[in-house]
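As structure tokens, the structure follows; a few thoughts come after it.
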Amino acid sequence: MNWLPLLPLLTCFFVVILNCLFWRYSLLQKSTHLIGAILLLCVTGLLFYVVSFQEILVIQLGGYKAPFGITFVIDRLSAIMLLITGIIGFCVSIYATHDIKTVHQKSGFYLAYWILLMGICGAFSTGDLFNLYVWFEVMLIASFVLLVLGNHKMQLDGAMKYVSLNLVATILMLLAIAMLYAMVGTLNMADLGLKLKAYPLTGTVTTVVLLLAIAFAIKSALFPLFFWLPASYHTTNVTTAAIFAGMLTKVGVYALIRLTTLILPDSHYILSLLLFIAGITMLTGVLGAASEFHFRRLLSFHIISQIGYMVMGLAIHTSFALAGTIFYIVHHIIVKTNLFLISGICSKTGKTSDIRNLGGFYKQYPYLAILFFIPAFSLAGVPPLSGFWGKLILLKAALNSSHYIITAIALMVSLLTLYSMTKIWTQVFWKEQSSHAPSLESFGAIKLFVTLFPVIILAMMTLTIGLFPQPVFKIMLQAAEQISHPEWYIHAVLEVE
Amino acid sequence: MSDMICWLIGGLISISIYLILSPQMMRWLFGIVILSSTINLVIFVAGRLYSQNPAFIPQEGQASDVLLANPLPQALILTAIVIGFGLLAFALVLVRKVWRTFDTTNSDLLGHSETRYSKAVKDEA
């Protein structure tokens, strides 16, 4: 069972290869895509199950001992993130079969999609900093391709911003890696944790950690560095936007968690900086959303404000707060992907993405309205939906460690989130329809099923987490317990005391 | 030797940052090219530049006492070069495509996805 940590990665890789082989046969390509998605879900589920009683799985690639070769490590946090990748990959894949036009498929949508998933899985399972950089690049190049597929004016424009900021981020990350290697001569994350603990806390450590933090902050769209996100996410097709919104920024947050818990556990100066940034990120994101009328651009701004919540839990850094962060990440990924998928249905039937021109959905499709209601008001934190519990845990953690200002900001942002969700609700669902009459009937039965099925699954998950938060939170708490004891991870990887 | 390379790195990085700050996209691209190559030099220096001896150990007997060159940074740089090449090739094509579409490479004149989207959305529909 030694090769188990590689399974999600290998699944994605095989689908990529099959996709290349079936380049000319679009139906065959579609079916491997679907089978691959089911397989990925099963594999990540299996991995999650195994990790739930085996704690930490480690594989040393090529048989090289830990600090010398590339290590793949799956601990509870990685397993949770991989499972959620599997779920989102599965749901978005189903949606893609209807949403992706043949032209886009011919120019390689499925290939880029699976390379993106491979990059995400790799980033979640690697235990080596340089390897993490490589997976970031894999993700990046695939996302570039997905972003410009179709070559609309807006897409090129948005992609330009996306590409420029993300290129800078990866270069900064590489610079930090070079400096780390010069300092301690290792790039294995567990070994880095061990060696940096003994390293004198000088300006060099601060510089390196800040460089890494900036690189990851660009990836996860934190306050001064988020401009690429609202400029690009709304320009692509809905499938791409959904998988981007769900997974990409969260990989950055995951890297930040690893940085502050494993590589440099006692870095209080960076934690207080992160707490400060988290507050501003929440505020700017939600204010941006409040002033927007483009359906997906509004939701993109919400991603930023929600990232603020996750980083807030990370910055408070008690194991309860970390559990809250993980809970929030999971909740957010499900909800946000779902909202993007629903926005796709609305804009497709209403023929526009401007919410001022949409309307009348509640009257005509009450079930769609309910499906929107669940994730939207979960995002705003209305009990008993999943967002309420996520926010409750984070706020409780903040109050426990007496961070009153951030608590106040988080509550206010919550209110503003509710405001902008109500804005969508009144404009798209309650308002009398204007020029374009929405028509889901033109979809046909199979198309309708394919479009609504992932939305229903994700909404059900939101409801389930909301109604039974205790067992879910228990898993998150165990994961948080594990990442706040980095010595367990180090022990498992390096086999030393 | 190391000192010289450090000065070189400093100079190259300042040049590249100057170029990156330009609104002209081609200049920005050249800045990125120089910056990513310079970072490769940084990795090289990080692995210490003290030796010309190749990193081989005889099959029998002990490793010699002479300082051997560090092979790991070279492997890292090789990976970084390959990745950087791919990204830059994409960026170059993107800049060309932007120039073809908008007739400009001045990034100040772009911004359709942020400010003028509502018109574009209507056009699309």
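Residue numbers (the numbering used here), protein chains in the order written: chain A, 1 to 497; chain B, 1001 to 1125. All residues carry an ideal CB built from backbone N, CA and C; glycine is no exception. Since the model is a prediction, treat every value here as computed from it, not as a measurement.
For residue j and residue i, believed in contact at Cβ under 8 Å, the rounded distance
i	j	result
Y233/A	R296/A	7 Å
V1042/B	M160/A	V1042/B to M160/A, Cβ: 27 Å. No contact.
Y362/A	F429/A	4 Å
A245/A	I303/A	6 Å
I74/A	L57/A	4 Å
H98/A	K447/A	5 Å
A315/A	L275/A	4 Å
V286/A	L416/A	4 Å
Contacting residues, own chain, Cβ-Cβ under 7 Å from residue i (five flanking each side not counted)
i	result
V1033/B	L1088
I307/A	S220, A221, L222, T249, V253, T281
I409/A	G279, M282, L283
L212/A	M173, A176, L259
M118/A	L9, C12, F13, V16, V138
F1044/B	P1073, I1077
L18/A	T32
Short CB-CB distance (under 8 Å) between residue i and chain B
i	result
K431/A	no
A159/A	yes
F507/A	There is simply no residue 507/A to check, as chain A begins at 1 and stops at 497 in what is shown.
F130/A	yes
K336/A	no
K195/A	no
A66/A	no
V148/A	yes
L167/A	yes
V134/A	yes
Contact with chain A by residue i, beta-carbon distance below 8 Å
i	result
V1033/B	no
I1017/B	no
I1083/B	yes
T1127/B	The structure shown does not extend to residue 1127/B, since chain B is modelled only from 1001 through 1125, so no value can be given for it.
L1068/B	no
I1043/B	yes
S1014/B	no
L1109/B	no
S1036/B	yes
Interface residues of chain A facing residue i [CB-CB closer than 8 Å]
i	result
W1028/B	S164
I1005/B	What I1005/B touches in chain A: nothing, since even the nearest Cβ is about 12 Å away.
Contact set between residue i and chain B, taken where Cβ atoms lie within less than 9 Å
i	result
M189/A	Neighbours of M189/A on chain B: none; closest Cβ ~16 Å, over 9 Å.
I70/A	The contacting residues do not exist; I70/A stays about 11 Å from chain B at best.
Y181/A	I1043, A1046, G1047, L1072, P1073, L1076
V184/A	Simply none; closest approach about 10 Å.
Top-ranked residue by Cα proximity to residue i, from the options
i	options	result
F14/A	L39/A, W228/A, L4/A	L39/A
I59/A	M81/A, Y25/A, D99/A, W3/A	W3/A
L264/A	V208/A, W228/A, F276/A	V208/A
K396/A	K351/A, Y25/A, G313/A	G313/A
S272/A	M421/A, H403/A, L132/A	H403/A
Y162/A	H152/A, L147/A, I171/A, L201/A	L147/A
S300/A	S420/A, G350/A, V382/A, N188/A	S420/A
P469/A	P383/A, P67/A, I456/A	P383/A
M1025/B	L165/A, I316/A, L399/A	L165/A
Y501/A	R76/A, L275/A, V205/A, T235/A	With chain A covering 1 to 497 only, the question about residue 501/A has no answer from this structure.
F453/A	S52/A, G324/A, Y95/A	Y95/A
L1019/B	V103/A, P67/A, V168/A, Y133/A	V168/A
A1055/B	F1030/B, N1070/B, Q1074/B, G1084/B	N1070/B
F53/A	I490/A, L494/A, I475/A	I475/A
A1075/B	W228/A, A178/A, A215/A	A178/A
E292/A	L341/A, A190/A, Q427/A, K391/A	Q427/A
R1100/B	G89/A, H152/A, A376/A, F136/A	H152/A
Chain A residues whose Cβ lies nearer than 7 Å to that of residue i
i	result
F1090/B	I141, F144
L1076/B	F130
I1039/B	I171, L174, L175, A178
S1022/B	The premise fails here: S1022/B is roughly 12 Å from chain A at the closest Cβ pair, so nothing lies under 7 Å.
Proximal chain A residues relative to residue i, where beta-carbon distance stays under 9 Å
i	result
G1086/B	E137, I141
A1055/B	In chain order: nothing, as chain A lies at least about 13 Å away.
Close Cβ partners of residue i (< 6 Å) along its chain, the five nearest in sequence each way excluded
i	result
L61/A	G69, I70
V145/A	A112
Contacts that residue i makes with chain B (C-beta to C-beta distance below 8 Å)
i	result
L156/A	L1094, K1097, V1098, T1101, F1102
Near the ligand ZN: residue i beta-carbon under 7 Å from a heavy atom
i	result
L175/A	This structure lacks the ligand ZN; in fact it carries no ligand of any kind.
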